[in-house]
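Working notes, beginning with the structure itself.
Residue numbers (our numbering): 10 to 408.
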C-alpha cells in the first residue's frame, strides 16, 4: 500500500505542475517494473529454509499517450519540473531520478533540432520503494526568422531609378512581408542629382512570429552635368562700337564655369566692328565646367554707320598767271546721300581767274557734307606760275 500511495501522490504532483494538452493518438510499450518483497521479521537460523518469492513481473502493456501527462516547450527552452513533488506517507526522504535526455537534476536545455515527442520516465524513491511516472515532452520547432541576403557593395547613379532587390527566404516557408527604412521607404527610389554619397537603408523582413533586419549602405555615384545657358537675346551694335559678350550659364552641380568665344571676338568676349562689318552674325560661345561643355549661339546684328563723303581731287593744281583755276572734285557718298560742296581759303568757289600778280602757292579747302551731317575735308594747293610779259609802251610815249 505504501507504493500505491507514493505513486498516486506523484501523479497528483505531476498533474499539478504539468499542463495536460490535447492528446495525440500514440501508444508506447511500457517496460515492466520488477519488485522484490523481503520480510523484515527475524528468522531463526536453525533448520529454516529461506524462501524467496519469485519476482512478480507486470505484463507488458501498451500505454495510451492520452493518459500520460504532457509538457510542451519550444526548441531552445529549458525543460524542468519546478513543481515536482511526491509525498511519502511515512515521511521518508524521496529521491528522484530521470531518464534521458533529462539531466540528474531533471533539466534539459533543448536546442534547434530537438523538435518532436520525447517520452521520459520520472522515478521517485524513498530508498525502499519506487514509483514511476511517464511524461510526454513535446518539443515544438522554434520559429526561424526570415533570412535576407544581398550582393554588396550596392551602387546607384544620380538621375536614375534605383531598385533594391534583396533575396528574402523563410526557413519555415512562412509568408514574409518586406519593408524598408531609412533613405529608402520602398523598394524603388528616384535618385536625384544631389544624392551622391553614402546612404543607410534597413531592410525589414517579417513573418508571423519573427523579424529580421539587415542594414545596407547604398553608394550613390555623382553624375556631372554640363553647364546650362539661358536663352540669349539678340545683340545689336553699330560699326566702330565696342561690343562685350557677357554670357550667363549655370552649372547644376555648382562647378566653376569658363567661357571661350568664337572669332571675331577675343578671349575676353570683346569685339569692335569696323566700318564695313555691318551684317548679321551667329557667334558660338562655349561654356565648360572643366569636364563637360555646352554651346550657345548668340545672334549679333552690326548696324552700318553713315559715312562721310569721299573727295577725290588732283593735288597740287598748277596754272599760269592769267589762267582760270577750275576745281572739279569727284565726290562720292557710300549711302548715296545728298552732298553739298564748299570752298574756303584762296578760293571761295570752284573757279578763279588769276591775275599777273597771283604768282605763288595758295591753299584751298574743299568740304563735302552729306545730309546726315557727315563732312569730308580736303586741302589742295593751287600753284600759280609767273608769266613774263613783253614790254609795253606807255601812253603818250610818242607825243
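All residues carry an ideal CB built from backbone N, CA and C; glycine is no exception.
Going by DSSP, which residues form a beta bridge with residue 337? For residue 337, which the question treats as bridged, DSSP gives no partner whatsoever.
Using a threshold of 8 Å, state whether the C-beta atoms of residue 165 and residue 229 are closer than that. yes
Per the DSSP calculation, residue 79 is bridged to which residue(s)? 145
Keeping to the same chain, check which residues put their C-beta closer than 8 Å to that of residue 181; ignore five residues upstream and five downstream. 150, 152, 153 and 216
In three-state terms, what does DSSP make of residue 74? helix
Suppose only complete runs of 3+ residues qualify. What are the beta strand (DSSP E) ranges in the region 226-301, listed by chain order? 244-247, 267-270 and 288-297
Coarse secondary structure for residue 58, derived from DSSP in three states: Its pLDDT being 42, under 50, residue 58 is placed unreliably in this model, and the coordinates cannot settle the point.
For residue 254, the nearest candidate out of 234, 352 and 281 (CA to CA): 281
Rounded to the nearest angstrom, what separates residue 133 and residue 139 at their Cα positions? 6 Å
Identify the residues that DSSP records as bridge partners of residue 352: which are they? 375
Environment of residue 402 [buried if 16+ CB atoms lie within 10 Å]: exposed
Taking only the alpha-carbon atoms, compute the straight-line gap between residue 308 and residue 161 and give it to the nearest angstrom. 52 Å
What are the start and end residues of the beta strand (DSSP E) that includes residue 191? 186-191
Looking at the structure shown, is residue 358 part of a helix, part of a strand, or coil, going by DSSP? coil
Residue of 127, 148 and 195 minimising C-alpha distance to residue 107: 127
Run the CB neighbour count on residue 207, radius 10 Å, all protein chains shown included, and call it buried at 16 or more, exposed below. exposed
As assigned by DSSP and simplified to three states, the class of residue 171: strand
Reducing DSSP to helix, strand and coil, say where residue 363 ends up. coil
Taking the beta strand (DSSP E) that residue 385 falls in, what are its first and last residues? 384-394
Count the other CB atoms within 10 Å of the CB of residue 361; is the residue buried (16 or more) or exposed (fewer)? buried
Cβ of residue 131 within 8 Å of Cβ of residue 142? yes
Determine the contact status of residue 146 and residue 80, defining contact as a CB-CB distance below 8 Å. yes
On the three-state DSSP scale, how would you describe residue 209? strand
Which of helix, strand or coil DSSP assigns to residue 369: strand
Can residue 377 and residue 326 be called in contact, C-beta distance under 8 Å? no
Quick one: is residue 114 near chain C, going by C-beta distance under 8 Å? Of the protein chains in this structure there is only one, and it is not chain C.
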